[in-house]
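What follows is a short report on a single structure.
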Amino acid sequence: MDPAAFEEAGCAVCGQLTTLCELTPLASAPYSLDPLEREGVTRVERLSDTDEVDELDGPVLDSTCDSVCVDCEIHLVKGAVPPLALANGFWIGAVPEVLKGLSFAEKLLIARIRHNRCLVRVSSGRAKMMANVIMFSNPTFKVYKELPPSRSEIEDVLAFIFTGPVQPTPEDYERTPMLVRRNKVAAALQWLKINHKDYHDLVISEENLNTYELSGVPVVVDYKRMETGNGNKLPTEMSVHEVEDDVGTTTGQCPFTVHGLSGAEYEQMDMQTVKTKALNHLMAEGRTLGIGHSVKPESMYDNPQAYPQMFPWLFPYGLGGFENQHIVGRISEDTHKKKLLMYHDKRFQTDVYFPIVAFNHSQMKASATLEFPGCKAHAISRNCRPPA
């Protein structure tokens, strides 16, 4: 089989991963790229707050790609903008070095919108270590005017449980997703303040920043001893043929997975109660918490800047949000999410945070949408009964 039939590369016009057999070199394109010139959808990286805010010159393309896919070609040949082209409000820009390699906890400290609370459980077996994250959704978003949050505030939204035969060592902490490096957080916030469109009025709190260690865990660690003979894998996650009790790695950053987003029944609980319930759930060998329905799903509607502020490490310039004003034509949010998950640099695929949050929000919106016509249909059938 020809490798071009399954090997993939990015399209410079839409940024989508596409098989090589469906890509054409952009340099040999026989059509004009003038339709891809668009104002207001790109940003040039600023290195200081004295640099002017500017846009990229010429057609809106991904400079790291050199080919164009068949779907985009069909529209460009006709002199039209492809619906999913970066020029149609989908440009998000490259991720700078200061936003790469952030730990899970560091990402929480730089996000301007908080929409959930998190509990991280790190399990250490006989040799291997792994982590699981449970997220508790909030019905409304909280927008921060000042970052990073204070230590007391982060302790209300983030908890850390370590299970294993012995207490964790400083070396163990450095391998967990809970590690916070103060200078890394400061550099990320400073870059976002001068480049992200929603961070220009952000106050970077030196007072809050200095309460964090240069490198360490920002919250109190709850330790629960596990017997040496027990592995760190839940029996509910094992098939009958598995003999290995431990999962994870013995060196380097430990892998971790997001277990799920809970519903509105947890939103009124304080963090200590949430911690207790989650720990009981995990110790009882539960696999996931159910995905519930928030009482105010409308907080996610008509807010194109929500995701760029929740995930600034994925949307570094604050552009390309769902249903933003630059998108021409009817592109659904679900279609947009699928497009992002197929973005050529795989930033959305590999982010442990984005897929489950995006999926959960789609579920909540779908359930709210289905409830409305259901009620209307019931009213119609009742009102259309023939007279007795």
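Every letter in the sequence shown is one number past the one before it in UniProt numbering, and letter 220, counting from 1, is 220. Think of the CB as a built atom: it goes at the ideal place given N, C-alpha and C, for glycine as much as any other residue.
Asked	Found
So for residue 170, helix, strand or coil by DSSP?	helix
So, are the CB atoms of residue 393 and residue 36 less than 8 Å apart?	Limits of the chain in this structure are 1 at one end and 388 at the other, which puts residue 393 out of reach.
In angstroms with no decimal places, state the Cα-to-Cα distance between residue 184 and residue 102.	8 Å
Taking all protein chains shown into account, do 16 or more other C-beta atoms lie within 10 angstroms of the C-beta of residue 223, making it buried, or fewer, making it exposed?	exposed
Should the segment 102-111 be regarded as contacting the segment 50-59, the criterion being three or more beta carbon pairs within less than 8 Å?	no
Please report the straight-line C-alpha distance between residue 32 and residue 75, rounded to a whole angstrom.	11 Å
How many angstroms separate the CA atom of residue 28 from the CA atom of residue 351?	35 Å
Is the beta carbon of residue 312 sitting closer than 8 Å to the one on residue 151?	no
Can you tell me whether residue 47 is buried or exposed, with buried defined as 16 or more other CB within 10 angstroms of its CB?	exposed
Look up residue 296 in the DSSP assignment and say whether it is helix, strand or coil.	Annotation note: pLDDT 36 at residue 296 (below 50); position unreliable, coordinate value reported separately. Looking at residue 296 - three-state DSSP - the assignment turns out to be coil, as it is neither helix nor strand.
Return yes when the Cβ of residue 195 is within less than 8 Å of the Cβ of residue 330, no when it is not.	no
I need the boundaries of the beta strand (DSSP E) containing residue 74, first residue and last residue.	First-last for residue 74: 70-77, but that is the alpha helix (DSSP H), not the beta strand (DSSP E).
Start and end of the beta strand (DSSP E) containing residue 8?	8-10
Taking the alpha-carbon of residue 165 as reference, which of 303, 225, 308 has the nearest alpha-carbon?	225
If you compare alpha carbons, which of 308, 205, 304 is closest to residue 327?	304
On the DSSP bridge assignment, give the partners of residue 164 in chain order.	225
Skipping 5 residues on each side, what residues in its chain have a beta carbon closer than 8 Å to that of residue 334?	362
Quick check on DSSP: helix, strand or coil for residue 220?	coil
When we look at the beta-carbon of residue 163 and count the other beta-carbons within 10 Å, is it buried (16 or more) or exposed?	buried
Tell me which same chain residues have a C-beta within less than 6 Å of the C-beta of residue 59, skipping the five on either side of it?	33, 36, 37
Nearest-angstrom Cα distance between residue 71 and residue 316?	27 Å
Leaving out the 5 sequence neighbours to the left and right, which residues in its chain are closer than 7 Å to residue 95 when beta-carbon positions are compared?	313, 316, 347
If you follow the beta strand (DSSP E) that residue 18 is in, where does it begin and where does it stop?	17-19
Can you give the Cα-Cα distance for residue 6 and residue 342, rounded to whole angstroms?	15 Å
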